[in-house]
Amino acid sequence: DIKFAFLIGIFLGIGKAAEAFFLSFIIGALLLAPFMIFMKKSGKAPVPFGTFMAIGAFIAMLFGDYLRDWFFSLY
143 DIKFAFLIGI
153 FLGIGKAAEA
163 FFLSFIIGAL
173 LLAPFMIFMK
183 KSGKAPVPFG
193 TFMAIGAFIA
203 MLFGDYLRDW
213 FFSLY
């Protein structure tokens with residue numbers, strides 16, 4: 143995951159990489175929380191985070207500017 147995060151940072155730049163990681167945390171939490179509740183998994187079970195990093199990087203690459211503008215328009 144560290145090497146993948148490094149490549150995302152190089153490819154997207156520091157700003158969009160931060161957005162990508164934020165999105166990957168949000169997507170991972172939204173998808174894994176119901177899974178852990180219904181499947182009765184413990185919080186110590188390993189999670190393959192690379193998939194969520196790839197999804198977050200893809201969304202940040204395509205829609206990062208729009209999401210950032212929308213987010214900051216809320217304040």
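The sequence shown begins at 143 in my numbering and counts up by one.
Just so it is clear, CB atoms sit at the ideal spot from N, CA and C, and this is done for glycine as well.
Note that the coordinates shown come from a computational prediction; the quantities given were computed from them, not determined experimentally.
Residues near residue i in its chain [Cβ-Cβ closer than 7 Å; skip 5 each side]
i	result
A202	L154, K158, E161, A162, L165
I150	A159, A162, M195, A199
Residue-chain proximity (residue i, chain C), Cβ-Cβ < 8 Å
i	result
G192	Annotation note: the requested chain C is absent from the structure, which comprises a single protein chain.
Own chain partners of residue i with C-beta closer than 8 Å, once the 5 adjacent residues on each side are dropped
i	result
F194	S166, F167, I169, G170, L173
V189	G170, L174
A212	The sequence given here has Trp at residue 212, not Ala. Here the set comprises nothing.
Cut-off 6 Å between Cβ atoms - residues of its own chain near residue i, not counting five sequence neighbours on either side
i	result
G206	K158, E161
L209	none
Minimum C-alpha distance to residue i - residue among the options
i	options	result
D143	D211, G192, L209	G192
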